[in-house]
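J.:
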Amino acid sequence: MKLTETMERMGSTGCRHLNFTIIVNWKERGFGCSKVCAYCNWRGSPLLPQGPQSLEEVRGFVRKCCKSFITISGGGDPLYRFEENFPSLLSMTGTIKEEGYKVRIITREVKHVAKLKGVVDHVSISLDDDVLQQIDNYQHLLDSASQQIDVEFSLVLPPLPMAGLLELKPQYAALHKRLGRRLVLRENFNSIFPVDAASMAFGHSGIVFVPKALCLNSRYLSTIDCTGHEIVQDNAALAGFLMGHPDAYLFGGFVKHLIDPVMHLEYSDLDVITTNAGLMESLGQQFGFMFKEVSPEGAYPRYFMGKSMRAGKSVQLILMDSEVDAKKFIFNAQYAVDRVGFNRGFFFDTMIGEDAIHDAIHNKVAQTVPGTRSLELFQPDRLQVEQRHKSKLIKKGFLIASHK
């Protein structure tokens, strides 16, 4: 089916503005990308392909498209181990072009972009610090490729409140000038803060803002043919649900992010204590989570690890009997900086004080607490857990301090 036929058939369905994206991961096992981006939701996703999709699947998906192009994206990077995986990529792009569509690729492997001349029509180069450092070295190749390929750059915005993003606008304008090409600013799936699209406009088309709603409403081919809402977790909705639930007590890195998102941009998962086992069922129904108990039989409290079928954050959940136990658990943390939680509002260990905890979070100081701690709610391996936590804090730039 040619493009004109497809557009005639699909023109009245209202899907003209939906992007169609093929999620690829060339590795038969594992994750085929050489980068480790903090915002990546795909690594470990159960919907990530393991190896190339069949041409029949690709062709069937492509024929539903109602745009002029198909995007090939990660997942793993489409240009990962280029020489090894190029035949699979070439087979996929050939199938797309046979159906009358243009091909767009999203990649971080800037060194291989010039090799795509005659193969793809559009390339979006995802920027992180590592990629940005390489741009000058490959600028001559990008200039050469641009004679046949429309090359742009894209950048995932940090998960900051709107005021923080507005402060960064001059930097994005300077980056656009330096790159000399269209710059796409993508809303971060992990952000819990609303973004005002109009405020992200620059008065010209050289810098474009892409809201996550566009991606969540688009069509994808991963291991299944689905919409974005079915395969990617919008962390704002998940966080909002937990923050508003009367039986959910949030703690750990996510709460630090809530208190000071500029100093604590990233958090690996959501730490939750609940007094209601039904919370796990609700998370399963609304967000695709499946929970596995990881505590010994008969232990109290009970520990669960939750993974969603959608690419996104994990949930580490502890089931307890009461609010008293939940706060007792949090208020006996190893460091004062961790003695804060959220249950439809912040609560702080009064022995430390709200201001002192705020200061510790902002200044990234993890200080031990004087006196004896109650360890009765902790598992027997608590000392090992706390040692790992200490290592994580150090990697995140915390100063570890003993009480004097």
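Going by my numbering, the sequence shown opens with residue 1196, and the numbers climb by one from there.
Even glycine gets a Cβ: it sits at the ideal position worked out from N, Cα and C.
With distances taken between CB atoms, is the gap from Gln-1334 to Lys-1312 smaller than 7 angstroms?
T.: No, the pair does not count as a contact, with Cβ atoms beyond the cut-off.
J.: How would you write the range of the beta strand (DSSP E) that Phe-1541 sits in, first residue to last?
T.: Looking at the DSSP string, the run of the beta strand (DSSP E) that includes Phe-1541 is 1541-1543.
J.: Please classify Val-1457: does DSSP put it in a helix, a strand, or coil?
T.: coil
J.: Quick check: what's the CA-CA separation for Lys-1364 versus Arg-1373?
T.: 14 angstroms
J.: Does the contact criterion of 3 or more C-beta pairs under 8 angstroms hold for the region 1224-1236 versus the region 1398-1410?
T.: Fewer than three pairs of CB atoms, one per stretch, sit closer than 8 angstroms, so the region 1224-1236 makes no contact with the region 1398-1410.
J.: Specify the secondary structure class of Thr-1320 as computed by DSSP and reduced to three states.
T.: Residue identity differs from the one stated: residue 1320 is Ile in this sequence, not Thr. Strand.
J.: Excluding sequence positions up to five away, which residues of its chain have a Cβ less than 8 angstroms from the Cβ of Val-1403?
T.: Arg-1377, Leu-1378, Val-1379, Leu-1380
J.: Which two residues bound the contiguous alpha helix (DSSP H) that contains Tyr-1367?
T.: 1357-1374
J.: Do you know offhand how far Gly-1270's Cα is from Arg-1568's?
T.: Going from the Cα of Gly-1270 to the Cα of Arg-1568 covers about 44 angstroms.
J.: Count the other C-beta atoms from every protein chain shown that fall within 10 angstroms of the C-beta of Ile-1589, then say buried if there are 16 or more, exposed otherwise.
T.: exposed
J.: Would you kindly report the start and end of the unbroken alpha helix (DSSP H) that includes Met-1287?
T.: Met-1287 -> alpha helix (DSSP H) spans 1277-1293.
J.: Check each candidate in Ile-1267, Phe-1541, Leu-1336, Pro-1353 and name the one with the smallest Cα separation from Gly-1289.
T.: It is Ile-1267.
J.: How far does the beta strand (DSSP E) with Phe-1226 in it reach, from first residue to last?
T.: That residue, Phe-1226, is in no beta strand (DSSP E); it is neither H nor E in DSSP.
J.: Do you know offhand how far Ser-1586's Cα is from Leu-1514's?
T.: 26 angstroms
J.: Quick check on the burial criterion: 16 or more other C-beta atoms within 10 angstroms. Buried or exposed for Leu-1285?
T.: exposed
J.: For Val-1178 and His-1553, what's the separation of their Cα atoms in angstroms?
T.: No answer is possible for residue 1178: the residues shown for the chain start at 1196 and end at 1599.
J.: Which whole runs of the alpha helix (DSSP H) in the region 1366-1444 are 4 residues long or more, in chain order?
T.: 1407-1411, 1423-1426, 1430-1439
J.: Can you name, in chain order, every residue of its own chain whose Cβ lies under 6 angstroms from the Cβ of Phe-1542, other than the five neighbours on each side?
T.: Gly-1536
J.: So is Leu-1361 buried or exposed if we call it buried at 16+ other beta carbons inside 10 Å?
T.: exposed
J.: Is it buried or exposed for Val-1450, if we count other Cβ within 10 angstroms and need 16 for buried?
T.: buried
J.: Indicate the three-state DSSP secondary structure (helix, strand or coil) for Asp-1554 in the structure shown.
T.: helix
J.: Can you tell which of Leu-1594, Met-1546, Ser-1509, Val-1510 has its C-alpha closest to the C-alpha of Ile-1525?
T.: Met-1546
J.: Which same chain residues end up closer than 6 angstroms to Glu-1223 when comparing Cβ atoms and leaving out the 5 residues on each side of it in sequence?
T.: Cβ within range, chain order: Gln-1245, Gly-1246.
J.: Restricting to Cα atoms, I'd like to know which of Leu-1352, Met-1287, Leu-1465, Leu-1445 is closest to Val-1315.
T.: Met-1287
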